[in-house]
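Reading through the structure tokens given below for one structure.
There are 2 protein chains.
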Amino acid sequence: MATRIEDVAAHAGVSVKTVSRVLNGYANVRTNLRARIEASIRELNYVPNASARSLAGNRSYLVALLYDNPTAVSSYIMDVIVGVLQACKETPYNAVLHPFDAADDLAARIDGFVAQHRPDALVLVPPHANNAKLLQRLHELDIRYATISSKLRESCIDIGFDERKAAADIVSHLISLGHQRIGHITGLKGHGARTWRRSGYRDALRKAGIAYDESLVVDGDFTFASGVVAAKALLDHDRAPTAIFAANDDMACGVMREAYERGLSIPGDLSVCGFDGTPVSQLISPGLTTVRQPCREMGCAAVESVLQAIRDPAMSQQERLPYQLQLRGSSAAPGKS
Amino acid sequence: MATRIEDVAAHAGVSVKTVSRVLNGYANVRTNLRARIEASIRELNYVPNASARSLAGNRSYLVALLYDNPTAVSSYIMDVIVGVLQACKETPYNAVLHPFDAADDLAARIDGFVAQHRPDALVLVPPHANNAKLLQRLHELDIRYATISSKLRESCIDIGFDERKAAADIVSHLISLGHQRIGHITGLKGHGARTWRRSGYRDALRKAGIAYDESLVVDGDFTFASGVVAAKALLDHDRAPTAIFAANDDMACGVMREAYERGLSIPGDLSVCGFDGTPVSQLISPGLTTVRQPCREMGCAAVESVLQAIRDPAMSQQERLPYQLQLRGSSAAPGKS
DNA sequence: CTGACAAATGCCAGCGATGGCATCTTCGCA
DNA sequence: TGCGAAGATGCCATCGCTGGCATTTGTCAG
Numbered sequence: 002m003a004t005r006i007e008d009v010a011a012h013a014g015v016s017v018k019t020v021s022r023v024l025n026g027y028a029n030v031r032t033n034l035r036a037r038i039e040a041s042i043r044e045l046n047y048v049p050n051a052s053a054r055s056l057a058g059n060r061s062y063l064v065a066l067l068y069d070n071p072t073a074v075s076s077y078i079m080d081v082i083v084g085v086l087q088a089c090k091e092t093p094y095n096a097v098l099h100p101f102d103a104a105d106d107l108a109a110r111i112d113g114f115v116a117q118h119r120p121d122a123l124v125l126v127p128p129h130a131n132n133a134k135l136l137q138r139l140h141e142l143d144i145r146y147a148t149i150s151s152k153l154r155e156s157c158i159d160i161g162f163d164e165r166k167a168a169a170d171i172v173s174h175l176i177s178l179g180h181q182r183i184g185h186i187t188g189l190k191g192h193g194a195r196t197w198r199r200s201g202y203r204d205a206l207r208k209a210g211i212a213y214d215e216s217l218v219v220d221g222d223f224t225f226a227s228g229v230v231a232a233k234a235l236l237d238h239d240r241a242p243t244a245i246f247a248a249n250d251d252m253a254c255g256v257m258r259e260a261y262e263r264g265l266s267i268p269g270d271l272s273v274c275g276f277d278g279t280p281v282s283q284l285i286s287p288g289l290t291t292v293r294q295p296c297r298e299m300g301c302a303a304v305e306s307v308l309q310a311i312r313d314p315a316m317s318q319q320e321r322l323p324y325q326l327q328l329r330g331s332s333a334a335p336g337k338s
Numbered sequence: 002m003a004t005r006i007e008d009v010a011a012h013a014g015v016s017v018k019t020v021s022r023v024l025n026g027y028a029n030v031r032t033n034l035r036a037r038i039e040a041s042i043r044e045l046n047y048v049p050n051a052s053a054r055s056l057a058g059n060r061s062y063l064v065a066l067l068y069d070n071p072t073a074v075s076s077y078i079m080d081v082i083v084g085v086l087q088a089c090k091e092t093p094y095n096a097v098l099h100p101f102d103a104a105d106d107l108a109a110r111i112d113g114f115v116a117q118h119r120p121d122a123l124v125l126v127p128p129h130a131n132n133a134k135l136l137q138r139l140h141e142l143d144i145r146y147a148t149i150s151s152k153l154r155e156s157c158i159d160i161g162f163d164e165r166k167a168a169a170d171i172v173s174h175l176i177s178l179g180h181q182r183i184g185h186i187t188g189l190k191g192h193g194a195r196t197w198r199r200s201g202y203r204d205a206l207r208k209a210g211i212a213y214d215e216s217l218v219v220d221g222d223f224t225f226a227s228g229v230v231a232a233k234a235l236l237d238h239d240r241a242p243t244a245i246f247a248a249n250d251d252m253a254c255g256v257m258r259e260a261y262e263r264g265l266s267i268p269g270d271l272s273v274c275g276f277d278g279t280p281v282s283q284l285i286s287p288g289l290t291t292v293r294q295p296c297r298e299m300g301c302a303a304v305e306s307v308l309q310a311i312r313d314p315a316m317s318q319q320e321r322l323p324y325q326l327q328l329r330g331s332s333a334a335p336g337k338s
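Note that the protein sequences, when read in sequence, are chains A and C. Count along the first sequence starting at 1, add 1, and that's the number in the numbering used here. Count along the second sequence starting at 1, add 1, and that's the number in the numbering used here.
Here it is as structure tokens:
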């Protein structure tokens, strides 16, 4: 039914093996022959059969993206996915998405997944990227992988950005506007992001010589609802902050909701900053000041690095991508309407 | 390296073929044998190699999701993706995402894709779902597919929901609140969604006996920016509407932005409704009244139907899924603060 | 108990590509 | 001009599994 390599070989008058060489980019094919074969390929509209290739070559041309939370894909993951797909587009590799429930014993389930699909490489995002047992197992299985995280672990391929500094930057922005009492809503316990962003918050205060006030730091869990609850607490404070830095955009929206309910004007009565740069940050009014995480770029870079590592197995690489402060209407000098 | 079917056969003391029968769910295997083989499979942690299976069986166990707009995955697509992945999880099938630029000549490019991956089924979302040339080519190639659209074409598998009625419902909601002058911002020309939603808008007006006023209908293109522009036009109208129904949530956010800039209160001075039920509709303040499209459910249903059609090739099926009106703070009786 | 038929099981080829090795060219240099 | 090495090309086995058909086992009526 479809064209096979054999057809191409016959059409070009060469052996199957030579066509295979051209397909796989081997050097030792005479220039004119290569041209003839390439012409035949185009003419016959030949595309190699992925299954046969994978079976014979013991390569799958598959890059698997493992992520958590199969029921609600965050815009974070979405953006990473876009980057991954984009990076694959330029290569013979294809992406497979695989939601893996973090609750499961991943280290055990990964074997089945690998046996079935034999991906040539994996890309892991948090929290899997920080699952030591999983990484351990991947080493045992000798599978190349890239992690996307801000940990920047050595001896692996790890793509990230400087979350701590980004958080510090955004808080410094608030300080430069004149804010002295700045509240912070943290992320979910156990997530690296929680720690990095809170550390950045403290860094900025320290740098500005502002005393750290523990009562201005409230636990959140990255959800909108937790942002609302935390905002209530902060706004009920007897010396309420004039600005709030939420550890992500959803919680910042929660703060804006609570401000709305109380009739507080933003940024007149309260400045609000988020983190992530999700679509909502642009759509909400006023626009939300935030940090855009380079999600797409990280997805892209992860795939590129890990594919490069297939060619040069010795490679290990840590890469920090640039982030962007996005200053919008939700932050302004305190007390200004 | 990994376990093969041969190992399982040896372990269970049967032929490879019999193991294959068990794997593929053939009926004619004696019960005790089947149990023994299943035990061996579990014990050895055996998972069939997908490439070999696909090559030998001329089936790929792949469902491909074709979508447009590779640079910015909309939350619509993302939700469909979640549904598709979810539906695959229960089956031996896997999903492959394939962004296809609508600008390209799809009907031509599809051949290469099919030759390479031999997906057993395709799922198409708009605008590809309405690309007649593409569908034609798929018929020629004899590839099963499901479309997700509200067109509900006969003789195909088509999953959708009643967009027109949903739009009418939401406008009726505004009317029931007491609004008489209701503006509408349309979707992008050429999109079915534009037509259906506008028709629903007219249906609701007609049903309520409100004259259709063309000057209250302004072109948009589904983007936030176009929402802002359209809102300016409507609010500058010498008899400005008291409510605006935007054909999607992003444009509704644009309306809210323009209201914010003008110091208009929502819903006090202006009620706003969107369409889609994207995450932003919950995060924004006040919450946006909208229609939640059953995206995830549609993705799920599309896969289920098309896989069913593989078993029963004669099947064709149209399914309309329920949508949900989500009434939130952005809509209220006119003139009420 | 036997024969005939149905059900269960096994054997072997083949899916479409690549890898290893054998063979054939080409080319440089004595 | 001839020879050897390097480079180009081809042949055949093989990857792990399923399909078709042959063979074995089981069942039941006569």
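Ideal Cβ positions, reconstructed from N, Cα and C, are used throughout, including at glycine.
Between residue i and residue j, how many whole angstroms is the CB-CB distance? I'm expecting something under 8 Å.
{"i": "residue 116/C", "j": "residue 3/A", "result": "5 Å"}
{"i": "residue 252/C", "j": "residue 223/C", "result": "6 Å"}
{"i": "residue 107/C", "j": "residue 132/C", "result": "6 Å"}
{"i": "residue 125/A", "j": "residue 148/A", "result": "5 Å"}
{"i": "residue 120/A", "j": "residue 30/A", "result": "Between residue 30/A and residue 120/A the Cβ distance is about 29 Å, and since that is not below 8 Å, they are no contact."}
Give the DSSP-derived three-state secondary structure of residue i in the structure shown.
{"i": "residue 95/C", "result": "strand"}
{"i": "residue 338/C", "result": "Residue placement at residue 338/C is flagged as unreliable, the pLDDT there being 48, under the threshold of 50; the coordinate-derived value follows with that caveat. Here residue 338/C sits in coil by DSSP."}
{"i": "residue 8/C", "result": "helix"}
{"i": "residue 218/C", "result": "strand"}
{"i": "residue 87/A", "result": "helix"}
{"i": "residue 311/A", "result": "helix"}
{"i": "residue 290/A", "result": "strand"}
{"i": "residue 82/C", "result": "helix"}
{"i": "residue 276/A", "result": "coil"}
{"i": "residue 263/A", "result": "helix"}
{"i": "residue 206/A", "result": "helix"}
{"i": "residue 329/A", "result": "coil"}
{"i": "residue 223/C", "result": "coil"}
{"i": "residue 321/A", "result": "strand"}
{"i": "residue 38/A", "result": "helix"}
{"i": "residue 244/C", "result": "strand"}
In whole angstroms, what separates the C-alpha of residue i from that of residue j?
{"i": "residue 188/C", "j": "residue 28/A", "result": "53 Å"}
{"i": "residue 182/C", "j": "residue 244/C", "result": "7 Å"}
{"i": "residue 302/C", "j": "residue 290/A", "result": "39 Å"}
{"i": "residue 137/A", "j": "residue 300/A", "result": "22 Å"}
{"i": "residue 96/C", "j": "residue 96/A", "result": "10 Å"}
{"i": "residue 242/A", "j": "residue 273/A", "result": "10 Å"}
{"i": "residue 201/C", "j": "residue 211/C", "result": "14 Å"}
{"i": "residue 294/A", "j": "residue 316/C", "result": "46 Å"}
{"i": "residue 247/C", "j": "residue 151/A", "result": "40 Å"}
{"i": "residue 173/A", "j": "residue 323/C", "result": "48 Å"}
{"i": "residue 235/A", "j": "residue 321/A", "result": "34 Å"}
{"i": "residue 338/A", "j": "residue 332/A", "result": "The pLDDT assigned to residue 338/A is 48, lower than 50, so where the model puts this residue is not dependable, and the model offers no usable value."}
{"i": "residue 57/A", "j": "residue 90/A", "result": "23 Å"}
{"i": "residue 250/A", "j": "residue 129/A", "result": "22 Å"}
{"i": "residue 267/C", "j": "residue 85/A", "result": "40 Å"}
{"i": "residue 141/C", "j": "residue 66/C", "result": "19 Å"}
Using a Cβ cut-off of 7 Å, pull out every chain C residue sitting near residue i, in sequence order please.
{"i": "residue 48/A", "result": "113, 116, 117"}
{"i": "residue 290/A", "result": "What residue 290/A touches in chain C: nothing, since even the nearest Cβ is about 15 Å away."}
{"i": "residue 251/A", "result": "284"}
Starting from residue i, find everything on chain A with Cβ-Cβ shorter than 8 Å and list it in chain order.
{"i": "residue 40/C", "result": "Within 8 Å Cβ-Cβ: nothing; residue 40/C doesn't reach chain A, min ~17 Å."}
{"i": "residue 94/C", "result": "In chain order: nothing, as chain A lies at least about 12 Å away."}
{"i": "residue 124/C", "result": "Per Cβ cutoff of 8 Å: no residues; residue 124/C is ~14 Å from chain A at best."}
Residues of chain A with CB closer than 9 Å to the CB of residue i, please, in chain order.
{"i": "residue 333/C", "result": "Near residue 333/C there are no residues of chain A at all, since even the closest Cβ is about 14 Å away, more than 9 Å."}
{"i": "residue 274/C", "result": "Correct list: empty, because the minimum Cβ distance to chain A is about 15 Å."}
{"i": "residue 283/C", "result": "225, 254"}
{"i": "residue 61/C", "result": "51, 52"}
{"i": "residue 3/C", "result": "112, 115, 116, 119"}
Would you mind telling me which residues of chain C sit closer than 9 Å to residue i, beta carbon to beta carbon, in chain order?
{"i": "residue 258/A", "result": "284, 285, 286, 287, 288"}
Run down chain A in chain order and give the residues with a C-beta less than 7 Å from the C-beta of residue i.
{"i": "residue 51/C", "result": "117, 118"}
Legend entry - Completely contained beta strand (DSSP E) runs for the segment 111-187 of chain C, where each covers 3 or more residues: 122-125, 146-149, 158-161, 183-186
Inset, instruction - Run through the segment 44-70 of chain A for me and flag every whole beta strand (DSSP E) of 3 or more residues, listed as ranges in chain order. - result: 63-68
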